[in-house]
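End of the sequence shown sits at 393 in my numbering; the numbers just go up one at a time, nothing left out.
Virtual Cβ for every residue (Gly too), placed ideally from N, Cα, C.
For clarity, every value in this text was computed on a predicted model and none was experimentally measured.
Reading through the structure tokens given below for one structure.
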Amino acid sequence: MPRYVYLDHAATTPLDPQVWQAMKPYCLDVFGNPNSLHLFGDEADEAVQQAKGDILHLLGAKQGKIVLTSGGTEANNLALMGIAQTYKHQGRHMVISAIEHDSVLSTCASLAKQGFTIHYVPADRTGRVRLDELEQALTEETILVSVMHANNETGVIQPIEDIGRLLQAKRLKQGTKTPFFHCDAVQTVGKIPIQVDEWNIDLLSFSAHKFYSPKGVGGLYVQKGIRLSPLLHGGGQEYGWRSGTQNVPGLIGAACALKQCQAHHDQDWQHYTALNHMMRETLESLPGIHLTVSAAYALPTHIHFRCERIEGQALMQELSKRGVAVSTSSACHARHWAPSHVMLAMGFSDEQAKQAVRISLGRNITKEDIHYVLNQIEDIVRTFRNSYVLS
3 MPRYVYLDHA ATTPLDPQVW QAMKPYCLDV FGNPNSLHLF GDEADEAVQQ AKGDILHLLG
63 AKQGKIVLTS GGTEANNLAL MGIAQTYKHQ GRHMVISAIE HDSVLSTCAS LAKQGFTIHY
123 VPADRTGRVR LDELEQALTE ETILVSVMHA NNETGVIQPI EDIGRLLQAK RLKQGTKTPF
183 FHCDAVQTVG KIPIQVDEWN IDLLSFSAHK FYSPKGVGGL YVQKGIRLSP LLHGGGQEYG
243 WRSGTQNVPG LIGAACALKQ CQAHHDQDWQ HYTALNHMMR ETLESLPGIH LTVSAAYALP
303 THIHFRCERI EGQALMQELS KRGVAVSTSS ACHARHWAPS HVMLAMGFSD EQAKQAVRIS
363 LGRNITKEDI HYVLNQIEDI VRTFRNSYVL S
């Protein structure tokens, strides 16, 4: 029997039992619609407001709003579309990194068809956005800059604080509120303590299922004073920006999970760092395997590599047969396989981009799990290489 090891936590995480316990009362007992004007609705609404306040605090915000969404994709769409439609009279120019998640890139492609100009900033070979090119791309017509906190494929952490300072200085110089700064923090909320006020972030997206909370729940932090045009119309919930009855149990779970992540941050970080070092050390010793990014720039949860002459999808499928789950790219487009746009933006060739494999660690992964996975990778690579030699 194979050992089953899940190493795709960047795609999704299991539900924390403590989070489930926090959610249960809001599934069974406190089930009122938070928009209803009676005691059942009041009880649910009180829980919603408390959870949003907790999340605001955990994101380092003294003021602002948390807009409840169905996940990171909707939050990113709301941020980009909402700003574009509300502030287009001030400009139709946006600056986006070329390594963003598809939910950002596809939204920008749609905005381009509506007459907006999108400037894509490339990444260097380390996987980080070129800050000098970002600064040069800014104009007086720029209304939004969107750069993710950490890349979902490589795990590389972007210079968010530097970008925030740069945009704040530009706003002060121009005497304007724009350009706003949107950050897709889906891969970092729950892993890195976020400080939206300190980092001058105006809008920030997160997704609960990335930090041991349920799927179908996410949110968009919006700084006080910013207005958005809604994507969904209806009853005017979520400040009129996202109509529809709120997922109360999901929001309660997200707030609980985020508290757990903060409480165990140091312990989890040390755990991930130790396992990451173990994997990198062995992978670097295997012939033909190349780590694509340095541990110095990436989340300790991520190990991103490629293997010469072996497509990432083939290696992923062989590992799956042996009970190991890894990924080649974002789960959102993994079934429509193509070269990683992230690696292409970093300067890798099409062939190299197709060789990419992502391993993403979780809390419950052990050293024994890592040893097993490394042995399987070594055996699969050896088998592939022998078949190439024989052919």
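Is residue i helix, strand or coil when you go by DSSP?
i: S389; result: helix
i: S38; result: coil
i: M348; result: coil
i: R282; result: helix
i: L2; result: Given that the chain is displayed from residue 3 to residue 393, the structure contains no residue 2 and the question cannot be resolved.
i: D10; result: strand
i: L206; result: strand
i: S342; result: coil
i: H266; result: coil
i: I367; result: coil
i: V191; result: coil
i: R384; result: helix
i: V328; result: coil
i: L234; result: strand
i: R167; result: helix
Could you tell me which residues DSSP pairs with residue i in its beta bridges?
i: L70; result: G221
i: V359; result: F307
i: F33; result: Note: F33 sits in no beta bridge, so no partner.
i: A300; result: V158
i: R244; result: L234
Output the boundary residues of the beta strand (DSSP E) element that contains residue i.
i: V97; result: H95 to S99
i: H184; result: F182 to D186
i: H292; result: I291 to L293
How would you write the range of the alpha helix (DSSP H) that residue i sits in, first residue to last?
i: V123; result: Careful: V123 lies outside any alpha helix (DSSP H), inside the beta strand (DSSP E) at T119 to V123.
i: D104; result: D104 to K115
i: L321; result: G314 to K323
Name the residue from the options whose alpha carbon lies nearest to the alpha carbon of residue i.
i: S287; options: N377, D204, F350 and G227; result: N377
i: Q23; options: L168, A256, H103 and L9; result: A256
i: C185; options: T178, A152, I194 and A63; result: A152
i: C110; options: R132, A81 and I68; result: A81
i: H279; options: H373, D47 and L321; result: H373
i: A316; options: C29, V21 and V383; result: V383
i: R324; options: M83, I379 and R311; result: I379
i: T180; options: M150, E135, G221 and I228; result: I228
i: P195; options: Q262, V97, T284 and E48; result: Q262
i: V224; options: S245, G236 and N202; result: N202
i: E76; options: L234, K193, K369 and D352; result: L234
i: V147; options: A340, I159, L133 and T156; result: L133
i: F386; options: P4, M348 and E320; result: E320
i: S38; options: Y8, Q248 and V123; result: Q248
Is the closest heavy atom of the ligand ATP to the C-beta of residue i under 7 Å?
i: H11; result: Questions concerning the ligand ATP fall outside what the structure shown contains, since it holds no ligand whatsoever.
4 or more residues per run - each alpha helix (DSSP H) lying fully within the stretch 124-160: 133-139
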